[in-house]
Structures are given as structure tokens and as C-alpha cells.
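A short write-up of the structure that comes next.
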Ligand code: DLL
């Protein structure tokens, strides 16, 4: 049985989707030019007028926008509508500098919910299901996005949020959760807890919708075996809306991008040149229906490739391979986006020099992160502060910067290996982009 939430859109012939994209793009470019000074200036600088954009074939004429632009325009510079027409914000993790605050009109939320509903239906969801959402709720988009999608499908929605494993298991067994939505690493944790407690026969899960961080095929098979479910990947980013920008169907062979709302491109991250289908490069999105926070040619920094090969699920929307790396140095640790520069700024603020190393690993299903930093010679000569106190202070500073607890080891001056070329700041032993 084929499963779609909006069959007429999800299986629309490719030429028709492209015609729809062209029509929407032309309108959207005029909309941002007329309503957002930032876009007007950028397009004027690039010598492009809305009249030059006749369809998707002209997309390449428009300038890119980056996370730095979002930072410069924080908080209201990219608003496409008056603030009074916005009903919600969501935000990425990370404090100073790196935080993105995205705005939504009610219509933007409805579209986002529909995107998540398509993902839930593709994973087998119907109004008979109990959908257990244990992505974080609040500013993070995971909980609110899947929650909205689950309502649209008519599932009984359990807004669990993350953490408190005992409570998760209790609701799961008492209320018979059939679909679970969370990060793959939390899913693996729950699977372990379920098996340890001998609860496998008491759970009714059939599918999981897992994303927000990179995960491997091995991890998918592990979770599927441990829980006896089918595990579906889901991708998205706060800037573009949240989860549901793309999602896997029953074929589990790449994620269908919701092409009626987002136009994807793959570019060479060095030159910005648009690459042909099948080549690996940086994923760029243009939102063609969003009003409050309309992003045009936004560089995600995620590396992957696209394919138009027909999919036997019947969906015609283009597929992206799961992210295969990043064109910047962002890491996702414990589900939170972390940049080495954030860690460096805490260290420098506390008087350390830039002699540090970040070691990331996964023990069992849990990410670990240890920041090793050298004492300066002055600190080493100062006996009034203990190493333990120094470490505690850095742990606290990092917790407040990143929102997660990382381990800190303060080491002797000159004990971290110096590199002869670029400094090797990060050692990520998880090897998630396989
Ligand atoms: O992670 C939104 C989301 C929530 C997606 C729930 C899926 C499920 P951000 O916090 O803004 O938004 O982080 C976005 O996370 O650019 C990728 O680098 C990474 N990411 C998201 N989904 C996947 C995935 C949410 N399925 C950043 N596989 C993105 C690999 C992913 N990486």
C-alpha cells in the first residue's frame, strides 16, 4: 500500500513540480525585493532585478546568503512581514554569535507541520498511531515540528520532550507508543534501556523518525534490530524551518526534499559554482513559500549529493543523500551544534592561549567531548589556584556557551602536540559521516 499525506503534491510529475517552483520563485523574489531591505541591497549590488528571474533556470543569478549574513541581520533584518504578523520564533543552540533566531507566520507553521506530516505518513503513520515525540521542545525545532506534524496526521501525540528515560519507557509501555521521534543517539539509548529491562515484548513501536545529527547505516541497523522497528531518517535546519525539509520513504534510500517549498542546489563550496546532479558539494536551499523568514540561496554547509532517479515509493521529489560532512567545522555533539570557535572564545576569555584540543568520541550511545587546554607559563607558576578549580571554571564557561556539559582537562604548558601546518583542533573519533 502506498502511503502519502498529500499524494497530488508528493507524486506530481517532475515537469509540473518544476513549473510550480518557477512560478513560486518569481513571486518570492519579488516579495523579498519589495519587503526586505537586505535582499534589495544584495540584489542591487549583484545587478539583478526581480524582472530578471523568470523561473528556476535563473536561480543561479541570485546571490548566496550565509550564516554570517543571518548573524549580521539579527534579530529582525530578514523579516519579510511586519512583526505583528509573526506568531512564533525558534532558535538554534549556541549562544553568542552563532545563534539563529527564525520567525514564523501562522501560514509558515502550517506548511512546516504539513512537511512533518508527510514524513510521519511516509513512515507508516495514520490516525491510529500513538506518536511519541522525544525531541527537545522549546526553542529547538525538533519537538515542535514533529508535534505539529503528528497533529495533522491525527496521531495521538505524546509531547514527551527529551530525557527522563524511566518516564519515557513508562508512557511508551502504558500508552502503546507506535512511532517514536528523537535523535538517533537517544533512540539507541532508549533501545538499550528497553532491552536491559526486558521490556521488548511490552512495547508496540513499529517505526522511528530519527534526525538532527549525523548517523551511520550501522547505527540504523542496530536500532532497528534492538527495537524491532523500521528507522527513517529526517533532515532539516532551523534556518529553513526545522525538521521535515526532507525525509525518507519506505525505500530508505535518500531523503525526498519537499520541492514544492524548497529548491535545492548543490554547489562547489570553494567557488560557488552549481554542480550537476550526482556530484557531491554543499547543499543550498531557496525557500519559495516562507514569508516571515524567507531565505534565498542559503548555504547550509552540509555536504551531500542529489538524485532524480525515480523512487519506487512513487514520490517524484528529488532525493538528497544523507549529509556526508560539512564544509565548515561545525560538529553535532549530544544533538547540539558546536563550533570550535565557541570553545576557543571561552578559553581565551579565561586567560588561556590558543593551545587546546577537542576530543570527541562516542561511548556506548553517548557522545563525549573533552577539551584539553594548556596552562600558560604564568598560570603554571601561580600556586594559588588549583587545577581542579581551573577545570571547574572552564566547564562552567563552556556549559553556558554551548548549553551542554563537556569535560575539561587542564594540562602542563607545551604538552599538546604542535602541528606544523594547520593546527589540529578537533579529533572526532566517531566517524559519523560514512
Ligand atoms: O537539527 C532540525 C531537526 C530536528 C532535524 C529534528 C531533524 C530532526 P538545527 O539544530 O538547526 O536543526 O541543526 C541543523 O543539523 O545543518 C545538519 O548539519 C544537522 N542535521 C540535521 N538533520 C540531520 C540528519 C535541526 N538527518 C543541522 N543527518 C543541519 C545528518 C543532520 N545531519
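Residue numbers (the numbering used here): 886 to 1319.
Even glycine gets a Cβ: it sits at the ideal position worked out from N, Cα and C.
Note the first and the last residue of the continuous beta strand (DSSP E) segment covering residue i.
i            : result
residue 1252 : 1251-1259
residue 975  : 973-976
residue 1242 : 1241-1248
residue 1142 : 1140-1142
residue 1167 : 1166-1172
residue 1017 : 1015-1018
Does the Cβ-Cβ distance between residue i and residue j come in under 9 Å?
i            : j            : result
residue 1128 : residue 1026 : yes
residue 1247 : residue 1070 : yes
residue 1037 : residue 1002 : yes
residue 993  : residue 1126 : yes
residue 941  : residue 910  : yes
residue 1068 : residue 1220 : yes
residue 1139 : residue 1205 : yes
residue 949  : residue 1182 : yes
residue 1261 : residue 1292 : no
residue 976  : residue 1123 : yes
residue 1159 : residue 1148 : no
residue 888  : residue 1009 : yes
residue 1058 : residue 1078 : no
residue 946  : residue 954  : no
In angstroms with no decimal places, state the Cα-to-Cα distance between residue i and residue j.
i            : j            : result
residue 898  : residue 1201 : 6 Å
residue 1112 : residue 1172 : 36 Å
residue 1094 : residue 1146 : 21 Å
residue 1351 : residue 989  : Since the first residue of the chain shown is 886 and the last is 1319, residue 1351 is not available in this structure.
residue 1016 : residue 1052 : 15 Å
residue 967  : residue 922  : 13 Å
residue 1066 : residue 1029 : 11 Å
residue 1161 : residue 944  : 14 Å
residue 920  : residue 958  : 14 Å
residue 1243 : residue 1060 : 42 Å
residue 903  : residue 1169 : 17 Å
residue 1042 : residue 1263 : 57 Å
residue 1115 : residue 985  : 33 Å
residue 1203 : residue 1040 : 27 Å
residue 914  : residue 908  : 10 Å
When you compare each of the options to residue i by their alpha carbons, which one comes out closest?
i            : options                : result
residue 1249 : 1104, 932, 1052, 963   : 1104
residue 1143 : 1023, 1082, 1175       : 1175
residue 952  : 1219, 1243, 1256, 1187 : 1187
residue 1004 : 1134, 1268, 1210, 1239 : 1134
residue 1300 : 1259, 1319, 903        : 1259
residue 1240 : 1318, 1170, 1107, 1308 : 1308
residue 996  : 1019, 1274, 1031, 962  : 1031
residue 1154 : 1177, 1058, 1184       : 1184
residue 1284 : 912, 1297, 1228, 1011  : 1228
residue 1166 : 1189, 1156, 1180, 1179 : 1189
residue 842  : 956, 890, 1194         : Nothing about residue 842 can be read from this structure; the chain reaches only from 886 to 1319.
residue 1217 : 932, 1019, 956, 1245   : 1245
residue 1150 : 1179, 1294, 1191       : 1191
Does the beta-carbon of residue i, which I'm using as the reference point, lie nearer than 8 Å to any heavy atom of ligand 1?
i            : result
residue 988  : no
residue 1265 : no
residue 1104 : no
residue 1161 : no
residue 1128 : yes
residue 1219 : no
residue 1215 : yes
residue 1119 : yes
residue 1081 : no
residue 918  : no
residue 1099 : yes
residue 1034 : no
residue 1054 : no
Following the continuous alpha helix (DSSP H) through residue i, name the residue where it begins and the one where it ends.
i            : result
residue 918  : 899-920
residue 1001 : 991-1007
residue 1050 : 1050-1060
residue 1088 : It is not in any alpha helix (DSSP H) - residue 1088 carries neither H nor E in the DSSP assignment.
residue 1116 : Run containing residue 1116: none in the alpha helix (DSSP H); it sits in the beta strand (DSSP E), 1115-1122.
residue 1028 : 1027-1038
Less than 9 Å between CB atoms is the rule here; does residue i satisfy it with respect to chain B?
i           : result
residue 924 : This model lacks chain B altogether; it includes just one protein chain.
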